[in-house]
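In our numbering, the protein residues as written are 6 to 377. Note sheet for the following structure.
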C-alpha cells in the first residue's frame, strides 16, 4: 500500500540524497491547502530519501542559503513575494543549475518579473468552479507522469492561462475541455509541463488547489516525479518543433460553400486571410485528403466570426466510413488546437453540428493536420 502512494521504503538513518526548499509565501489569495501540501512534500521526502525545509521568509533567497538546495518548490505562492535583490539571487541559483517546481498558484505570482514568467511558463488568467475533469497524459515516460492513467479523471480548480506555453515548454499533460465547463483555451490546454531554462530545470503543475489533491495517490506520484526531475533526475523535457502540416494544399472538399470566393481549399492553403465559409445551416462539414495513410496526433483549427460551437473531428480510411476521434462541445471560437489525438487515417473531417452564431455559415481560416 505504501508503494502505491508514491513511497519507497528507505533504510532508517540513510543520508538524504538531496534537500529541497518549499516556499509558500503569499501576497494575495491564500490557499487553505498549503499546510497539507507542505506536510505531503515532507512525507514524500521521508519515504524517498530527500530532506525538506519549508519557509515563508523571503530573506532565505540569498546565494549562500539557496546553494544548499537541489530544488525550490513554489507552493501556491501568490502576488509579489520577492524583492529585487532576492529575485536576482534566485535567477543566479537557477543559472547555476538549480531546480524550480511550481505548484498551482505559482502561476499567479510575480506578474511584473519577466524572467519568472518565462521560468513558470505561463501566468494564471481565470478559473471556473472546482469540478471533475479529464487530464490527458501527453508524455507517459517522464518521472512526473510515468504510471499515471492516460485519461486521468480528477477534481480540482482548473486554471486557464494568459498564453499557451506549448511553444516554449515540453507539455506533460493537457486538460480535455470537453469534460468540464469553464475552460477557455480551446482544444489545447496544457496543465503540466517542464523545460530546461537558463541553466536550470523547471517543472510546473496547475493541479493542487484542493486539500484533497494531496491525499490522491496519483497526484502524489505526479508531484514526486516533478520534484525528482527538478532535482536532476533523468527526464526528457526537450521542446520539439511541430512536424510539417500534412493537410497543406491537399485536396479539400466541403458540404457547401457560401459562394465561389470561399472554397474548402482556402482552409488548407496556410494563408491567414483566406477562409472556407459554408451555407447558413447545420450540420456542415469540411474534409481533407492527406494523400496517404498517416498517424495523426494534432488538428489545428482557426475559426472566423461564425465558429463551430459543437463539432466532431472524424477520420476515414476511404472517405466514406467515418470514425469520431474527438467531440467538442461549447467551443468558443478563435484557435482550437486539438492535441493528444491518435488515429491512423487518410481522410480527416470536421463535422459541425452547431454554430456559435446562426447568422452566417461556418467560417474556417485554418485546417491543419499534424502527425507522422
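For each residue, glycine too, the CB sits at the ideal point set by N, CA and C.
Once the 5 residues before and after residue 315 are set aside, which same chain residues still bring their CB inside 6 Å of it? Here residue 315 has 334, 358, 359 as same chain residues with Cβ atoms under 6 Å from its own Cβ, once five neighbours each way along the sequence are excluded.
Whole angstroms is fine: what's the gap from residue 128's alpha carbon to residue 173's? Cα-Cα distance, rounded: 13 Å.
Consider the C-beta atom of residue 73 and the heavy atoms of the ligand FAD; say whether any pair is separated by less than 7 Å. You won't find the ligand FAD in this model; it holds no ligand whatsoever.
Taking DSSP as the reference, what is the three-state secondary structure of residue 236? Coil, per DSSP.
Neighbour-count burial assignment, residue 297, 16 or more Cβ in a 10 Å radius: Exposed, since its Cβ has fewer than 16 Cβ neighbours within 10 Å.
What does the alpha-carbon distance come out to for the pair residue 176 and residue 108? Cα to Cα, the separation comes out at about 15 Å.
Continuous beta strand (DSSP E) assignments of at least 3 residues falling wholly in the region 55-89: With a minimum length of 3 residues, the continuous beta strand (DSSP E) runs that stay inside the region 55-89 are 56-60, 76-80.
Are the region 317-327 and the region 268-280 touching by the rule of at least three beta carbon pairs closer than 8 Å? Two segments are said to touch when three or more pairs of C-beta atoms, one from each, lie closer than 8 Å; by this definition the region 317-327 does not touch the region 268-280.
Quick one: what does DSSP say residue 368 is sitting in, helix, strand or coil? In the three-state scheme derived from DSSP, where H, G and I count as helix and E and B as strand, residue 368 is classed as strand.
Rounded straight-line distance, which links the Cα of residue 31 to that of residue 81: For residue 81 and residue 31, the distance between alpha carbons rounds to 8 Å.
Same chain, Cβ closer than 8 Å to residue 366, five either side skipped, listed in chain order: Listed in chain order, the non-local C-beta contacts of residue 366 below 8 Å within the same chain comprise 261, 263, 282, 283, 284, 285, 286, 289, 311, 360, local neighbours out to five positions each way being set aside.
By a C-beta neighbour count over all protein chains shown, 10 Å radius and 16 as the cutoff for buried, is residue 364 buried or exposed? Exposed is the call here.
Buried versus exposed, by CB contacts within 10 Å (16 or more), residue 280: Per the 10 Å Cβ criterion, buried.
Does the region 151-164 touch the region 213-227, meaning 3 or more C-beta pairs lie closer than 8 Å? Taking 8 Å as the limit for Cβ pairs, the verdict is that the region 151-164 does touch the region 213-227.
Extent of the continuous alpha helix (DSSP H) run through residue 125: Unbroken alpha helix (DSSP H) run through residue 125: 119-125.
Check each candidate in 69, 142, 104, 250 and name the one with the smallest Cα separation from residue 377. Distance from the Cα of residue 377 is smallest, within the candidate group 69, 142, 104, 250, for 250.
Which value, in whole angstroms, describes the spacing of the CA atoms of residue 40 and residue 344? Approximately 35 Å between the Cα atoms of the pair.
Could one say the Cβ of residue 45 lies closer than 8 Å to chain B's Cβ atoms, at least one of them? Here there is only one protein chain, and chain B is not present.
Grab the span of the alpha helix (DSSP H) containing residue 52 for me, first residue to last. Note, residue 52: alpha helix (DSSP H), 39-53.
Since residue 195 sits in a beta bridge, which residues does DSSP pair it with? Partner(s): 179.
For the pair the region 140-148 and the region 53-67, tell me if three or more CB-CB distances fall below 8 Å. No, they do not touch.
Just to confirm the assignment, what range does the beta strand (DSSP E) spanning residue 327 have? In the DSSP assignment, residue 327 falls outside any beta strand (DSSP E), carrying neither H nor E.
Along the chain, where does the beta strand (DSSP E) that runs through residue 274 open and close? Residue 274 -> no beta strand (DSSP E), and no H or E assigned at all.
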